[in-house]
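Chains as they are written, first to last, in my numbering: chain U, 2 to 515; chain X, 316 to 504.
Positions of the beta carbon are idealized from the N, C-alpha and C atoms, including for glycine.
From a predicted model like this one, the values you see are computed outputs, not experimental measurements.
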């Protein structure tokens, strides 16, 4: 089965961030092509996901190399083989600093067409620089998307063509699109890209094996727009989100009534809205935090890709609700399938990230002269020494550059996981009556909602009383101590196919299971 | 729990390698070795004082050997064997609960092991001194100072060595750095 996911706009990119962590935890399908669509390529959210995607792919390929370091097929850690194009972000408009006028060749249009365009777009909309996205104007985004061609030479669209060709060849193909229903890029991209994909499917006469799914994010956050220096600027106004959503839902209602575009659609929203401290019109400063509803969309995508998900001929629309109280709990997180328990897998990844970042990563970092003090410890002998020993040089190569690169990349990724879950936990509920109780983060991190460039600061070192709080890290399951992890890594059975550092990484990951 | 059972099994194997001597002594003691046996001769020549035996009103050790072996020697060895087994198993089980939560921390618990082992050796000495110097067993009065020392050395060999082998093999894998030379065992063991 071939799976494709497309995150459109800032929200789509943020949902992909959740999806990547979920895939690292073993909740994803075996393989997945991931791509993003955003005109605002420098957008902080898009670039954050782009970096995370590249970290995921690099770590996975290094740790799934049958020659050197292999986690082995059975391992759930970085289970999904995610691939992407050389540039994971597709820009609908390739020109530098384009405006809508330039895009549609406004000056060369006949007067009557010009008149029509004048009716549909304000003068500032026509002259707006689109390099930072469509600024919550789906009417601009829709025109821009439709003005671009979807030919096979385009690296992004070539993937869609390949997917449809694969479906025609008899392989099951699933494509999933995630975006917000409000805003600019997402709202305009979601229906247009979906319809374009369907159109290609029809042109290629593919009637079976090809399934299209989507997740639509209804409004789930808002922010305060500063009053000064905003006159004449085009940007996403939170007070317009609900009206935009209403209009968009009416549109989708009609679209779905007359045309079966999607096989399965997941609709997610949040009430009360999360309040973001950060307002930026676009660009690299727009660095919004990961929020809980995006995890729903990501898990929806993974459910869609799950082999247990039997897709039928009718168009299915799913919705999900959390418990009625203002507390957000692990029990509010749905499972991907009967065999894939989201809580178990995510909590395992969080524990892994914690223990690797503060316990095992630092112990394995540095030259052999620093690391060798652990050489007689059972976990080191069994999982590291034996698997990084070079028979030719008769030495353990854990301190060598290539191994150290893997160790530091994993530590970087583990910090990303801890920052992600902490940021989501705090940012989803900050300044609201809600309470999110997934993890106990206060003992290892500091949160500052206003520091948009670094909302979460995780401690460099933990003292022994902080380490002892590890058993309270995951709420709802307070029994696993760091001592149990140490015990588990000494006793868990090594898979015969595992090699190099893949042995240690997988054993540590499995040891973090409750 | 599976790991603890594994530890107990390994420690019992370690114990068994030498402690069969202790068990053998217990068995022959309770069965009464008989006045003509080698062990009675050995005790008569090296541990007992003929003069003290005569002071007790007997001609030689063979006359009191039954009382010595079936009571004093049997009780002493049984107590030592039970103590050794309990102490070995206690350490092996407890080692799974030592708070070794990060790399390098097991070494800290070497001190705990040394104290624990010291207590065990002290108890062995105390038990041997108690039985060989006790007035409850009249035959104890016939043991010479040299004989008492020999019994002490033999008891240490017969019970402390299996204790060490028991903890060597049975200590939790992650706590091996706390036991002398245990971290030299192969990683997969």
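Please determine, among the options, the residue with the shortest C-alpha to C-alpha distance to residue i.
{"i": "residue 384 (chain X)", "options": "X:436, X:323, X:446", "result": "X:446"}
{"i": "residue 506 (chain U)", "options": "U:213, U:394, U:99, U:407", "result": "U:407"}
{"i": "residue 215 (chain U)", "options": "U:248, U:246, U:205, U:253", "result": "U:253"}
{"i": "residue 314 (chain U)", "options": "U:209, U:344, U:398", "result": "U:209"}
{"i": "residue 98 (chain U)", "options": "U:262, U:129, U:10, U:119", "result": "U:129"}
{"i": "residue 508 (chain U)", "options": "U:76, U:201, U:28", "result": "U:76"}
{"i": "residue 465 (chain U)", "options": "U:455, U:483, U:449, U:454", "result": "U:483"}
{"i": "residue 225 (chain U)", "options": "U:268, U:276, U:201, U:261", "result": "U:276"}
{"i": "residue 274 (chain U)", "options": "U:194, U:242, U:300", "result": "U:242"}
{"i": "residue 446 (chain U)", "options": "U:436, U:425, U:435", "result": "U:425"}
{"i": "residue 348 (chain U)", "options": "U:18, U:22, U:6, U:382", "result": "U:22"}
{"i": "residue 429 (chain U)", "options": "U:477, U:270, U:399, U:183", "result": "U:270"}
{"i": "residue 461 (chain X)", "options": "X:374, X:359, X:349, X:316", "result": "X:359"}
{"i": "residue 68 (chain U)", "options": "U:500, U:515, U:257", "result": "U:500"}
{"i": "residue 471 (chain X)", "options": "X:450, X:437, X:456, X:493", "result": "X:437"}
{"i": "residue 464 (chain X)", "options": "X:342, X:363, X:328, X:330", "result": "X:363"}
{"i": "residue 183 (chain U)", "options": "U:413, U:138, U:364", "result": "U:138"}
{"i": "residue 442 (chain U)", "options": "U:423, U:37, U:272, U:456", "result": "U:423"}
{"i": "residue 399 (chain U)", "options": "U:370, U:419, U:379", "result": "U:370"}
For chain X, check one thing: does any of its Cβ atoms lie closer than 9 Å to the Cβ of residue i?
{"i": "residue 390 (chain U)", "result": "no"}
{"i": "residue 369 (chain U)", "result": "no"}
{"i": "residue 221 (chain U)", "result": "no"}
{"i": "residue 488 (chain U)", "result": "yes"}
{"i": "residue 378 (chain U)", "result": "yes"}
{"i": "residue 491 (chain U)", "result": "yes"}
{"i": "residue 271 (chain U)", "result": "no"}
{"i": "residue 383 (chain U)", "result": "yes"}
{"i": "residue 469 (chain U)", "result": "yes"}
{"i": "residue 360 (chain U)", "result": "yes"}
{"i": "residue 73 (chain U)", "result": "no"}
{"i": "residue 167 (chain U)", "result": "no"}
{"i": "residue 483 (chain U)", "result": "yes"}
{"i": "residue 364 (chain U)", "result": "yes"}
Please confirm whether residue i has its beta-carbon closer than 9 Å to some beta-carbon of chain U.
{"i": "residue 329 (chain X)", "result": "no"}
{"i": "residue 409 (chain X)", "result": "no"}
{"i": "residue 379 (chain X)", "result": "no"}
{"i": "residue 481 (chain X)", "result": "no"}
{"i": "residue 412 (chain X)", "result": "yes"}
{"i": "residue 489 (chain X)", "result": "yes"}
{"i": "residue 485 (chain X)", "result": "no"}
{"i": "residue 415 (chain X)", "result": "yes"}
{"i": "residue 492 (chain X)", "result": "yes"}
{"i": "residue 421 (chain X)", "result": "yes"}
{"i": "residue 501 (chain X)", "result": "yes"}
{"i": "residue 303 (chain X)", "result": "Here chain X comprises residues numbered 316 to 504, so residue 303 (chain X) is not present and cannot be evaluated."}
{"i": "residue 460 (chain X)", "result": "no"}
Once you ignore the five residues that flank residue i on each side, which residues in its own chain have a CB closer than 7 Å to its CB?
{"i": "residue 503 (chain U)", "result": "64, 70, 71, 72, 73"}
{"i": "residue 489 (chain X)", "result": "415, 421"}
{"i": "residue 181 (chain U)", "result": "10, 12, 187, 188, 218"}
{"i": "residue 344 (chain U)", "result": "331, 334"}
{"i": "residue 492 (chain U)", "result": "none"}
{"i": "residue 94 (chain U)", "result": "40, 104, 131, 145, 149"}
{"i": "residue 220 (chain U)", "result": "183, 242, 243, 246, 270, 274"}
{"i": "residue 344 (chain X)", "result": "384, 385, 388, 389, 392"}
Is residue i near the ligand SAM, in the sense that its beta carbon is under 8 Å from a heavy atom of that ligand?
{"i": "residue 265 (chain U)", "result": "Inclusion of the ligand SAM in the displayed structure is not the case, the ligand content being empty and no account of it being possible."}
May I ask you to list the residues that DSSP assigns as paired with residue i?
{"i": "residue 212 (chain U)", "result": "U:175"}
{"i": "residue 397 (chain U)", "result": "U:390"}
{"i": "residue 9 (chain U)", "result": "U:38"}
{"i": "residue 217 (chain U)", "result": "U:180, U:268"}
{"i": "residue 1 (chain U)", "result": "Coverage of chain U is limited to positions 2 through 515, which leaves residue 1 (chain U) absent and any answer about it impossible."}
{"i": "residue 436 (chain U)", "result": "U:328"}
Apart from the five residues on each side of it in sequence, which residues of its chain come closer than 6 Å, Cβ to Cβ, to residue i?
{"i": "residue 24 (chain U)", "result": "81"}
{"i": "residue 306 (chain U)", "result": "4, 30, 175"}
{"i": "residue 384 (chain U)", "result": "504, 505, 508"}
{"i": "residue 325 (chain X)", "result": "484, 485"}
{"i": "residue 493 (chain X)", "result": "421, 424, 425, 428"}
Going along the chain, which residues of its own chain have a beta-carbon closer than 8 Å to the beta-carbon of residue i, five neighbours each way excluded?
{"i": "residue 376 (chain U)", "result": "382, 386, 397"}
Complete runs of the beta strand (DSSP E) confined to the segment 456–499 of chain U [at least 3 residues] = 457–459
Entirely enclosed beta strand (DSSP E) segments - the segment 137–188 of chain U, minimum 3 residues | Qualifying beta strand (DSSP E) stretches, in chain order: 174–181.
List in chain order: all unbroken alpha helix (DSSP H) runs of 4+ residues lying wholly within the segment 296–372 of chain U.
-> 343–356, 362–365, 369–372
Along the chain, which unbroken stretches of the alpha helix (DSSP H) at least 4 residues long are found entirely within the segment 347–425 of chain X?
-> 353–361, 365–370, 376–382, 389–409
Kindly provide the ranges of any alpha helix (DSSP H) runs that are 4 or more residues long and lie completely inside the segment 50–127 of chain U, ordered along the chain.
-> 101–104, 112–121
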